[in-house]
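A.B. asks: Here it is, the structure in full.
2 protein chains.
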Amino acid sequence: MAERTSRRQRVDERHRRILDAARERADADGWAAVTTRRLADAIGYTQPVLYSHFPGGKAEIMLAVALEGFVELARRCRAALGPGPGRAAIEAVAAAYLDFGREHPAVYEAMFSEPLDTPFGQDGTRPELRAGFDTLAEAIGDDDGTATEVFWSALHGLGLLERTGRVRPEHRAERVAELAARFAPPSGTGTRPPD
Amino acid sequence: MAERTSRRQRVDERHRRILDAARERADADGWAAVTTRRLADAIGYTQPVLYSHFPGGKAEIMLAVALEGFVELARRCRAALGPGPGRAAIEAVAAAYLDFGREHPAVYEAMFSEPLDTPFGQDGTRPELRAGFDTLAEAIGDDDGTATEVFWSALHGLGLLERTGRVRPEHRAERVAELAARFAPPSGTGTRPPD
DNA sequence: GCTAGTTTCCTAGCACCGCTAGGCTAGGCT
DNA sequence: AGCCTAGCCTAGCGGTGCTAGGAAACTAGC
Chain A
1 MAERTSRRQR VDERHRRILD AARERADADG WAAVTTRRLA DAIGYTQPVL
51 YSHFPGGKAE IMLAVALEGF VELARRCRAA LGPGPGRAAI EAVAAAYLDF
101 GREHPAVYEA MFSEPLDTPF GQDGTRPELR AGFDTLAEAI GDDDGTATEV
151 FWSALHGLGL LERTGRVRPE HRAERVAELA ARFAPPSGTG TRPPD
Chain B
1 MAERTSRRQR VDERHRRILD AARERADADG WAAVTTRRLA DAIGYTQPVL
51 YSHFPGGKAE IMLAVALEGF VELARRCRAA LGPGPGRAAI EAVAAAYLDF
101 GREHPAVYEA MFSEPLDTPF GQDGTRPELR AGFDTLAEAI GDDDGTATEV
151 FWSALHGLGL LERTGRVRPE HRAERVAELA ARFAPPSGTG TRPPD
């Protein structure tokens, strides 16, 4: 019995090491640099071992990294969200969101750039994918969903355009402030953009 | 002389066929489906011929497709922009922008998902890359640039999240309306979101 | 201790990728 | 006629994701 537990532990630990190696390498050099051979090398085994953990191959590994990313992103946004809605809360959540995207570009890419067959529409969506969206909705005081979708889109676009150098890097704070001003709830401190 | 012109014409026409084949195949099946072998087959030549037109290989072909995309996207946005700022103009420009992204997903991807070493910051940016941005700025009546960057980010994010199925497809019109309401200029018809 | 069966892992190979070196052929020039 | 150049193709490099099949090690029953 202890024998079997030990075996299970070894398998689990290897599972973790695959995901950690994939995430770190991808965040450092992009998903193209994550190859099955390098990944196998990183964990001290050969390619086929990866397929015993992830039969779907590289795509399934990316999906697993993405799912963990959703949990982490939601956790960070939740932590940044203060007691109630308002511009400060929106800015804090936005900054947390963008920070995550900047720190883990490849995880973020796996989360959002791939079609990801699992449903995302608000009905059948898995709870871990839903938590981040709910936090964004709470930040801007939206209960319909449309405003949250637009707010989220703006965050998503901001992170991507910043990463690919399409917007002025030094104006990041102004953009976050502008975004918060545009999406502050009507009854908040103010709805007009600054300046 | 006519001989040389004819030769030049043949080269130019082949150049065009490469770009057209790449764009069509990519928009239909994604850039991963655009391989140098298939591309060479499509134009009736072999692989090395591609490299006489585009020494940088596939990356340079994608860049060329992207540059043409910038021109077309700017043209469409400009055409959609009415006489002056206002919610209707914003909605029209936003719809034109999103339509382009939906019709040419791979062109759009080449335009914005790649790092694209040519500068994008407002100083040394090539005019064809600048035209679309200027149109967006004009639509929302912004002259600073920050609001335009955020507006553009929202459009960018909307298109991408829509394509990857992260937002409810049937709410597209509501999102565009919401976006226009949030970014309508202060002196416009109204600055409050609808509903 | 010995054998049979299972689990675990690696070797070797497939088809495909982007890309390139080198040779063949056809045409213009001297 | 002979050479030179441009244009194109054949063949091949190293790398990719992925998989079939066999070797080795470990477990269980006697």
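Chains as they are written, first to last, in UniProt numbering: chain A, 1 to 195; chain B, 1 to 195. For every residue, glycine included, the Cβ atom is placed at its ideal position computed from N, Cα and C.
What does B/F112 touch in chain A if you count any residue whose Cβ is under 8 angstroms from its own?
C.D. replies: Here the neighbours are L160, L161, T164 and R166.
A.B. asks: Have a look at B/G145 and A/G157 and give me their C-alpha separation to the nearest angstrom.
C.D. replies: Cα-Cα distance, rounded: 16 angstroms.
A.B. asks: Give a yes or no on whether 8 angstroms exceeds the smallest Cβ distance from B/L98 to chain A.
C.D. replies: Chain A contact via Cβ: absent.
A.B. asks: If you check the beta carbons only, do B/E68 and B/L98 fall under 8 angstroms apart?
C.D. replies: Cβ atoms of B/E68 and B/L98: not closer than 8 angstroms.
A.B. asks: Nearest chain B C-beta to A/G190 closer than 8 angstroms, yes or no?
C.D. replies: Residue placement at A/G190 is flagged as unreliable, the pLDDT there being 39, under the threshold of 50; a coordinate-derived value is accordingly withheld.
A.B. asks: Between B/I140 and the rest of its own chain, which residues show a CB-CB distance below 7 angstroms, the 5 nearest in sequence each way excluded?
C.D. replies: So the list reads P85, I90, A147, T148, F151, F183 and P185, once near-sequence residues are dropped.
A.B. asks: Quick one: does B/G157 have its CB under 8 angstroms from some CB of chain A?
C.D. replies: True, the Cβ-Cβ gap to chain A drops below 8 angstroms.
A.B. asks: Which residues in the same chain have their Cβ closer than 8 angstroms to the Cβ of A/L155, if we skip the five residues on either side of it in sequence?
C.D. replies: A94, Y97, L98, L136 and L179, listed in sequence order.
A.B. asks: Does the beta-carbon of A/G30 have 16 or more other beta-carbons within 10 angstroms, so that it is buried, or is it exposed?
C.D. replies: When all chains shown are included, A/G30 counts as exposed.
A.B. asks: For B/R163, I'd like the list of residues in its chain whose CB is within less than 8 angstroms of its CB, leaving aside the five on either flank, ordered along the chain.
C.D. replies: Hits under 8 angstroms: G101, R102 and P105.
A.B. asks: Would the region 106-113 of chain A and the region 22-38 of chain A be scored as touching if the rule is three or more Cβ pairs under 8 angstroms?
C.D. replies: Enough Cβ pairs lie closer than 8 angstroms, so yes.
A.B. asks: To the nearest angstrom, how far is the alpha carbon of B/H53 from that of B/R126?
C.D. replies: B/H53 and B/R126: Cα-Cα distance of roughly 22 angstroms.
A.B. asks: Over what stretch of residues does the alpha helix (DSSP H) that includes A/A74 continue unbroken?
C.D. replies: It spans K58 to A80 - the alpha helix (DSSP H) in which A/A74 sits, taken as one unbroken run.
A.B. asks: Quick one: what does DSSP say A/F54 is sitting in, helix, strand or coil?
C.D. replies: Coil.
A.B. asks: Quick one: does B/R130 have its CB under 8 angstroms from some CB of chain A?
C.D. replies: Answer no: the Cβ-Cβ gap between B/R130 and chain A never drops below 8 angstroms.
A.B. asks: Is there a Cβ from chain B that is less than 8 angstroms from the Cβ of A/R182?
C.D. replies: Chain B contact via Cβ: present.
A.B. asks: Under a Cβ-count criterion, where at least 16 other Cβ atoms within 10 Å of its own Cβ denotes burial, should A/V11 be classed as buried or exposed?
C.D. replies: A/V11 should be labelled exposed.
A.B. asks: Whose C-beta lies closer than 7 angstroms to the C-beta of A/E13 among residues of the same chain, with five residues either side of it excluded?
C.D. replies: None.
A.B. asks: For B/A21 versus B/M62, is the C-beta distance shorter than 8 angstroms?
C.D. replies: Not a contact, by the Cβ cut-off of 8 angstroms.
A.B. asks: Between which two residues does the alpha helix (DSSP H) containing A/A106 stretch?
C.D. replies: Element bounds for A/A106: P105 to F112.
A.B. asks: Of the residues A/R130, A/A181 and A/F112, which one's Cα is nearest the Cα of A/V65?
C.D. replies: Among A/R130, A/A181 and A/F112, the Cα nearest to that of A/V65 is on A/F112.
A.B. asks: Using a beta-carbon distance below 8 angstroms, is A/H171 in contact with chain B?
C.D. replies: Yes - at least one Cβ of chain B is within 8 angstroms of the one on A/H171.
A.B. asks: Taking the alpha helix (DSSP H) that B/H156 falls in, what are its first and last residues?
C.D. replies: Segment T146 to R163, the alpha helix (DSSP H) holding B/H156.
A.B. asks: Exposed or buried, what is B/A181 when buried is set at 16 or more other beta-carbons lying within 10 Å of its beta-carbon?
C.D. replies: B/A181 should be labelled buried.
A.B. asks: Closer than 8 angstroms, Cβ to any Cβ of chain A: which residues of the region 129-148 of chain B, in chain order?
C.D. replies: Cβ contacts with chain A come from D144, G145, T146 and A147.
A.B. asks: Is B/R126 helix, strand or coil by DSSP?
C.D. replies: Here B/R126 sits in coil by DSSP.
A.B. asks: Using 8 angstroms as the threshold, is the C-beta distance between B/A33 and B/R25 below it?
C.D. replies: Contact flag set, yes.
A.B. asks: Nearest by alpha-carbon distance to B/A74: which of B/E138, B/G165 and B/P169 is it?
C.D. replies: Per the Cα distances, B/E138.
A.B. asks: Are any of the Cβ atoms in chain B nearer than 8 angstroms to that of A/R175?
C.D. replies: Cβ-Cβ to chain B under 8 angstroms: yes for A/R175.
A.B. asks: Under 7 angstroms Cβ to Cβ from B/P193, same chain only, skipping five residues before and after it: list those, please.
C.D. replies: The predicted position of B/P193 is uncertain, since its pLDDT is 44 and thus under 50; a value taken from the coordinates is nonetheless stated next. Once the five neighbours on either side are set aside, the close Cβ partners of B/P193 are E178, A181 and R182.
A.B. asks: Is the distance from the Cβ of A/L50 to the Cβ of A/T36 below 8 angstroms?
C.D. replies: In this structure, A/T36 lies closer than 8 angstroms to A/L50 by Cβ.
A.B. asks: Quick one, are the C-beta atoms of B/G159 and B/F70 less than 8 angstroms apart?
C.D. replies: No, the pair does not count as a contact, with Cβ atoms beyond the cut-off.
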